[in-house]
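Peer 1: Residue numbers (the numbering used here), protein chains in the order written: chain A, 1 to 319; chain B, 1 to 326; chain C, 1 to 343.
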Amino acid sequence: MVVTAPAQSGPEDLEMMWRIRAFEEKASELFARGKISGLLHLAIGQEATAVGVCGALQPTDRVFSGHRPHGHAIAKGAETGRLFAELAGRRTGYCGGKGGSMHLAAPEVGFVTATGIVAGNLPLALGAALSSKCRGESDVAVAFFGDGAAQTGLFHECLNLASLWQLPVVLVCENNGFAEFSPLSAHTVVERLADHADTYGIPTETIDGNDLTVVRPAAAAAIDRARNGGGPSFLECLTHRLRGHYEGDPTLKRGAAARDEAKDPIQRFTRFLHDAARSAELEGIEVRVRAEVEQAAEEALAAPWPERDDLLTNVVAQP
Amino acid sequence: MTKTIRYIDAISSVLRQELERDDDVFILGEDVSYGGPFGATAGLSASFGPTRVIDTPISEGAVMGLAVGAALSGRRPIVEVMFADFVTLAMDQLVNHAAKIRYMTDGQLSVPMTIRVQGGVGGGFGAQHSQSLEAWFLHVPGLKVVAPSSVKDAAGLLVAAIRDDDPVVYLEHRGLYWTKGLGASDETPTPIGTAAVVRSGSDVTVVAVSRMVGVAVSAAEKLAEDDIDVEVLDLRSVAPIDWATIDESVRRTRRLVVVHEAVVTGGLGAELVAGVHATAFEALISPAVRVGAPSTPVPASPFLECLYAPDTDDVIAAVLETLHER
Amino acid sequence: MLPDLEPEALVVLLERMIVARRFEEELIELAGDRDIGHFHVYIGQESTGIPALSLLEQGDLSFTNHRNHGHLIARGAEPGPMYAEILGRATGYCRGKGGTLHLASAEHGFPTTSSVTSGCIPLAVGAGLGLQRLGSDRVSVCLVGDGALEEGAWHESANIAAMERLPVVFLCENNSLEALGQRAGEYPSSTMAASDLTELASVFGIESVAIDGLDTRAAHQTMTEAVHRARSGGGPTFIEARTVRWPGNRPIWPELATGKTDLSMAWDASLIRPEHAIWHREQDGLLGFVRELLDSGCVTSDAALGLDKRATERVREGLAFALDSPYPEPEEALEHVFAPRGD
């Protein structure tokens, strides 16, 4: 039986967006306090794309993310505690502390992996989709990437392959208008990145990525298309990153939009639910989720470092 | 049953056998349904169809990554890279994903894939179609690298590579494709990480890889005429290296020559010599000698190409150098 | 149709087209006699490359690929040193170090030739950037086949060429029509999902046009416009020339599948045999060009045969020169890895 992806969204989605927001704000705080090291790329302000897309997926669908992956992992069902532990390099992290922020992996919930290589996850998602297709399975693969990925050669090669082989993949471009430190206009003359996909005959949609009520149905349609043998889709989600490229970004002011509540997907979806007369269901969500995340962070930081021997394990399969 | 077959046929028949044995095995590459430029995959498309033998665009980076993605999904892709030089276009996916994902995810994920790479000199193909890049791969933790020199190992190592749970770079030398030898029954894997003693001897150990194994053996045969008894080891596995076999041999012969077709500088030979120094330095009675190509790109001119690649005389000279009283 | 040129200029084009054709035919015959390694021939694409590239001027740069022999001849390179290079002789343009895959001659505007598919694209775009920054009015021409557009390097380079409005002309000779791997009705090829290659360029706002590769006028005219645009700061142009693949190019090793070209077929259809009749009647750009020249009165059949004789002699002399040439000295193998040490 082929399942139909849910096109609706409700209070549980608001809760998930708050969970991501709370996680990232806490991560930011821990980074500032020196409790987390490495490069920390936050997607604060982009929660609607993660929740809009992942909330329409099945547990066995496979998600591949990039260097800004926290929201995608959480929305796909990863536990915040194990994610914090991973960011903090602890043994209890999803990857035993070996992956860190940019290489999260929670395959048990279908968040296969993330990568620090811009556009590097696109072929991985295509490979998963090829596997599903050739095996006659109904699983869909999703790749999340930013607008910076659209200027890479891999992006072009992958659009061609996805279309050529009609792979069950949804390519989600989170176009936040900034490629690393500089605006998209400094990287390309192409204004609508979806035009690239169109060139290869891939169905595209360019949408307001900060409006969950828009993202969810568009994602559901793309996911259904993939699952029903209709091939790939390209979803260009116009969004706004409310932080710099990474925490501590020296060009913070250039790279970040001013915090604009009109664009904040959480505020917008909250208003939507109020307007839908569901205010009663929203009470306490933020407080509850923040407390849960707070505790997850505390536990993660109390967890042990990896063992010395862990340095050398899992390079290749254990005999 | 063993019979005399060509190196390339050994590859071909193992591909067929493994496609039959395991539904998760599939082939990706440019023009593979037509057999590729040398015919390694000829006829497979007809037998297994376009979902198992998949022609790709000329998009090495994406294709390598796509194989990684399929491997992460539990399949066992075999990627054919038409020329070793073109791996450079896919190094990002090979190095940053295939090799690192197991470690980065602390063993949650496996990348069981085989990368078949054709390379080496011969035919005057010039600088972009002739390189030997094993040292590049050797330097990347997480990659296994094999380079069969015999028909038997062409089959055995390919079986092992395909069934291995990690990415294995399988290096084919086009100069060996049409050489003949006894093919083992295809089922037998050659364990990755084991060298082979192809000629026993007591005076000097020559460790060679890929096409250079045959060159080393013919050098050994000539030296035997002068009562110099050379032991030739076929390294077979570039990563991991079979240190035990090398160590045992060098402790007996007390002299070491390493031979590869790739440039000497920063090459596999440097690693081998350093490794032997670390464990058996006291056994050596003369400095180890490396034989390989000079530090130049591969010239196209067949005349210069012949000079570029090490030959029997180069190996003989190196062996004599180790015997030279100091 | 014929390019908009004086009759004398048209005759020069014809002669270069014949040289390009005979050059490859002799090479294929030579390969039948001795092992000269693998090579790719330009037969069937002369009607694109010769009119398009012969209009380039001194200082214009061109970056080509594995199928480059015709390109060099179009810009005036000599058969002798070309053959010598292919045969690895010291008198070759690269003294034997490049071979057929890297045949290049800086004096003829070919700084280097890459045979990594798409390898020449970033080189050409980079040269365009250099010319632009130098304030030069010279242009950089990037010569690729359709397969090169499957590579990521194309996309990355086209983006930069468009953004910087670089003086680059992309001439894509799409010879995938009836190519290996193409299934019936497929266009542009079995490994390309885009239904029109020009859209891969126009998506970047690059001026893009598709022409019939057999149409010498179209090749000449679109190239003239593209070069003018580049010289005058108007940015890059993408030209797709759609060419039928010569039957002799279908096997991995080229074969004289349609025989040695007999120019008389252009005016005496009775010489055309049923086998490959479509090729000789409709798809061979050289014969087509001869027919148009005859119709226009620019040449007579006798004159065409005379040109052919001269061209064939030139090519054969070149081959003899190459075969008589020595191999490089052994020490040359170690030269030119790095810049010579300054004293």
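C-beta atoms are modelled at their ideal positions from N, C-alpha and C, and glycine is treated no differently. Here the structure is a predicted model, which means the values were calculated and not measured.
(1) Residues in the region 298–309 of chain B with C-beta within 7 Å of chain C's C-beta atoms, listed in sequence order?
(2) Check this for me: beta carbons of alanine 78 of chain A and valine 51 of chain A, under 8 Å apart or not?
(3) Check whether the Cβ atoms of proline 254 of chain C and valine 41 of chain C lie closer than 8 Å to each other.
(4) For a contact defined as C-beta to C-beta under 7 Å, what are the partners of tyrosine 94 of chain A on chain C?
(5) Can you name the residues of chain B whose CB is closer than 8 Å to the CB of threonine 115 of chain A?
(6) I'd like to check one pair, glutamate 248 of chain B with valine 289 of chain B: are the Cβ atoms closer than 8 Å?
(7) Tell me which same chain residues have a C-beta within less than 7 Å of the C-beta of threonine 60 of chain A, skipping the five on either side of it?
(8) On the premise that valine 170 of chain A lies in contact with leucine 242 of chain A, defined as a C-beta separation below 8 Å, what is that separation, rounded to the nearest angstrom?
(9) Just how far apart, CA to CA, sit alanine 194 of chain A and threonine 206 of chain A?
(10) Compare the C-beta of alanine 184 of chain C against all C-beta atoms of chain B and say whether one is closer than 8 Å.
(11) Residues bridged to glutamate 172 of chain B by DSSP?
(12) If you run the structure through DSSP and keep just helix, strand and coil, what is threonine 243 of chain C?
(13) In the DSSP assignment, the alpha helix (DSSP H) including arginine 251 of chain B goes from what residue to what residue?
(14) Could you spell out the range, first to last residue, of the beta strand (DSSP E) harbouring asparagine 175 of chain A?
(15) Give the range of the alpha helix (DSSP H) segment to which serine 425 of chain C is assigned.
(16) Could you check the C-alpha separation between asparagine 121 of chain A and proline 299 of chain B for me, to the nearest Å?
(17) Please report the distance separating the alpha-carbon of glutamate 86 of chain A from that of phenylalanine 178 of chain A.
(18) Does glycine 201 of chain A get closer than 8 Å to chain C when you measure Cβ to Cβ?
(19) Is it buried or exposed, tryptophan 279 of chain C, if we count other Cβ atoms within 10 angstroms and call 16 or more buried?
(20) Check whether the Cβ of asparagine 160 of chain A lies closer than 8 Å to any Cβ atom in chain B.
(21) Tell me which residues share the same chain as leucine 159 of chain A and place their Cβ nearer than 7 Å to its Cβ, disregarding the 5 neighbours each side in the sequence.
(22) Taking a cut of 7 Å between CB atoms, which residues from the region 103–122 of chain B lie near chain A?
(23) Give a yes or no on whether 8 Å exceeds the smallest Cβ distance from histidine 173 of chain B to chain C.
(24) By DSSP, does alanine 222 of chain A sit in helix, in strand, or in coil?
(25) Taking 7 Å as the line, does the beta carbon of isoleucine 86 of chain C fall inside it for any heavy atom of the ligand GTP?
(26) Any Cβ of chain C within less than 8 Å of the Cβ of histidine 41 of chain A?
(27) Would you identify the three-state DSSP class for aspartate 234 of chain B, choosing helix, strand or coil?
(28) My understanding is that glycine 235 of chain C touches arginine 316 of chain C, with C-beta atoms under 8 Å, so please give their C-beta distance in whole angstroms.
(29) Determine, using beta carbons only, whether alanine 44 of chain C and arginine 217 of chain C come nearer to each other than 8 Å.
(30) Glycine 29 of chain B and leucine 154 of chain A - do their beta-carbons sit closer together than 8 Å?
(31) Verify the CB distance criterion: does lysine 222 of chain B have a CB-CB separation below 8 Å to chain A?
(32) Any Cβ of chain C within less than 8 Å of the Cβ of isoleucine 54 of chain B?
(33) What residues in the region 139–168 of chain B have a beta carbon less than 8 Å from any beta carbon of chain A?
(34) Hey, quick one: how far does the beta strand (DSSP E) through aspartate 208 of chain A stretch, first residue to last?
(35) Using a Cβ-Cβ cutoff of less than 6 Å, which residues in the same chain neighbour glutamine 283 of chain C once the five nearest sequence positions on both sides are dropped?
(36) Tell me, which residues are paired with alanine 55 of chain B by DSSP?
Peer 2: Let me lay it out:
(1) Pro299, Ala300, Ser301, Pro302, Phe303, Leu304, Leu307, Tyr308
(2) In the first sequence, counting from the first residue as 1, residue 78 of chain A sits at position 78. In the first sequence, counting from the first residue as 1, residue 51 of chain A sits at position 51. Not a contact, by the Cβ cut-off of 8 Å.
(3) Residue numbering aside, residue 254 of chain C sits at position 254 when the third sequence is read from its first letter. Residue numbering aside, residue 41 of chain C sits at position 41 when the third sequence is read from its first letter. Less than 8 Å divides the Cβ of proline 254 of chain C from the Cβ of valine 41 of chain C.
(4) The residue labelled residue 94 of chain A in the question sits at position 94 within the first sequence. Simply none; closest approach about 31 Å.
(5) For the purposes of this step, residue 115 of chain A is taken as residue 115 along the first sequence, with counting starting at 1. Asn96, His97, listed in chain order.
(6) On the second sequence, residue 289 of chain B is found 289 positions in, with the first residue counted as 1. On the second sequence, residue 248 of chain B is found 248 positions in, with the first residue counted as 1. For valine 289 of chain B and glutamate 248 of chain B, no; Cβs fall outside 8 Å.
(7) As a first step, residue 60 of chain A must be located in the first sequence, where it is residue number 60. Taken in chain order, the residues that qualify are Gly110, Asp139.
(8) Taking the first sequence and counting its residues from 1, one reaches residue 242 of chain A at position 242. Taking the first sequence and counting its residues from 1, one reaches residue 170 of chain A at position 170. Rounded, the Cβ-Cβ distance is 25 Å, inconsistent with contact.
(9) As a first step, residue 194 of chain A is located in the first sequence; it is residue number 194 there, counting from the start. As a first step, residue 206 of chain A is located in the first sequence; it is residue number 206 there, counting from the start. If I take the Cα positions, the gap works out to 7 Å.
(10) Translated into positions along the third sequence, residue 184 of chain C becomes position 184. Because the pLDDT at alanine 184 of chain C is just 43, under 50, the model does not fix this residue reliably, and the value given afterwards should be weighed accordingly. It does not; no Cβ of chain B falls within 8 Å.
(11) Locating residue 172 of chain B in the second sequence gives position 172, where the first residue counts as 1. Looking at the DSSP assignment, glutamate 172 of chain B forms a beta bridge with B:Gln118.
(12) Counted from its first residue, the third sequence places residue 243 of chain C at position 243. In this structure, threonine 243 of chain C counts as strand in the three-state DSSP scheme.
(13) As a position in the second sequence, residue 251 of chain B is number 251, starting the count at 1. Per DSSP, arginine 251 of chain B is one residue of the alpha helix (DSSP H) stretching across 243–253.
(14) Within the first sequence, residue 175 of chain A is the residue found at index 175, counting from 1. Run containing asparagine 175 of chain A: 169–175, per the beta strand (DSSP E) assignment.
(15) Because chain C is modelled from 1 through 343, residue 425 of chain C falls outside the range shown and cannot be assessed.
(16) For the purposes of this step, residue 121 of chain A is identified with residue 121 of the first sequence, where counting begins at 1. For the purposes of this step, residue 299 of chain B is identified with residue 299 of the second sequence, where counting begins at 1. Whole-angstrom Cα-Cα distance: 37 Å.
(17) To locate residue 86 of chain A, count along the first sequence from 1; it is residue 86. To locate residue 178 of chain A, count along the first sequence from 1; it is residue 178. Answer to the nearest angstrom: the Cα atoms are 27 Å apart.
(18) Taking the first residue of the first sequence as position 1, residue 201 of chain A is located at position 201. Judged by the 8 Å Cβ criterion, glycine 201 of chain A is in contact with chain C.
(19) Working through the third sequence from its first residue, we reach residue 279 of chain C at position 279. When all chains shown are included, tryptophan 279 of chain C counts as buried.
(20) For the purposes of this step, residue 160 of chain A is identified with residue 160 of the first sequence, where counting begins at 1. Cβ-Cβ to chain B under 8 Å: yes for asparagine 160 of chain A.
(21) Within the first sequence, residue 159 of chain A is the residue found at index 159, counting from 1. Contacts found: His196, Ala197, Tyr200, Ile202.
(22) Tyr103, Met104, Thr105, Asp106, Gly107, Gln108, Leu109, Ser110
(23) Here residue 173 of chain B refers to the residue found at position 173 when the second sequence is read from its first residue. By this cut-off, histidine 173 of chain B is not an interface position.
(24) Position 222 of the first sequence holds residue 222 of chain A. Of the three classes helix, strand and coil, the one that applies to alanine 222 of chain A here is helix, per DSSP.
(25) Ligands are entirely absent from the displayed structure, and the ligand GTP is therefore not among its contents.
(26) As a first step, residue 41 of chain A must be located in the first sequence, where it is residue number 41. So, not an interface residue.
(27) Residue 234 of chain B sits at position 234 when you count from the first residue of the second sequence. DSSP, reduced to helix, strand and coil, places aspartate 234 of chain B within a strand of the structure shown.
(28) As a working note, residue 235 of chain C is residue 235 in the third sequence. As a working note, residue 316 of chain C is residue 316 in the third sequence. Wrong, their Cβ atoms sit about 44 Å apart, outside the cutoff.
(29) Numbered from its first residue, the third sequence carries residue 44 of chain C at position 44. Numbered from its first residue, the third sequence carries residue 217 of chain C at position 217. The sequence given here places glycine at residue 44 of chain C; alanine does not occur at that position. Not closer than 8 Å, so no.
(30) Residue numbering aside, residue 154 of chain A sits at position 154 when the first sequence is read from its first letter. Residue numbering aside, residue 29 of chain B sits at position 29 when the second sequence is read from its first letter. No, they are not a contact pair.
(31) Here residue 222 of chain B corresponds to residue number 222 of the second sequence, with the count starting at 1. False, the Cβ-Cβ gap to chain A never drops below 8 Å.
(32) Counted from its first residue, the second sequence places residue 54 of chain B at position 54. The Cβ of isoleucine 54 of chain B sits no closer than 8 Å to any Cβ of chain C.
(33) Within the region 139–168 of chain B, the residues whose Cβ lies closer than 8 Å to some Cβ of chain A are Pro141, Gly142, Lys144, Asp164, Asp165, Asp166, listed in chain order.
(34) Position 208 of the first sequence, counted from the first residue, corresponds to residue 208 of chain A. Its beta strand (DSSP E) spans residues 204–208.
(35) Translated into the one-based positions of the third sequence, residue 283 of chain C becomes position 283. Excluding positions up to five away in sequence, the list reads Val244.
(36) The count along the second sequence starts at 1 and reaches residue 55 of chain B at position 55. Checking the displayed sequence, the identity of residue 55 of chain B turns out to be aspartate instead of alanine. Beta-bridge pairing links aspartate 55 of chain B to B:Gly29.
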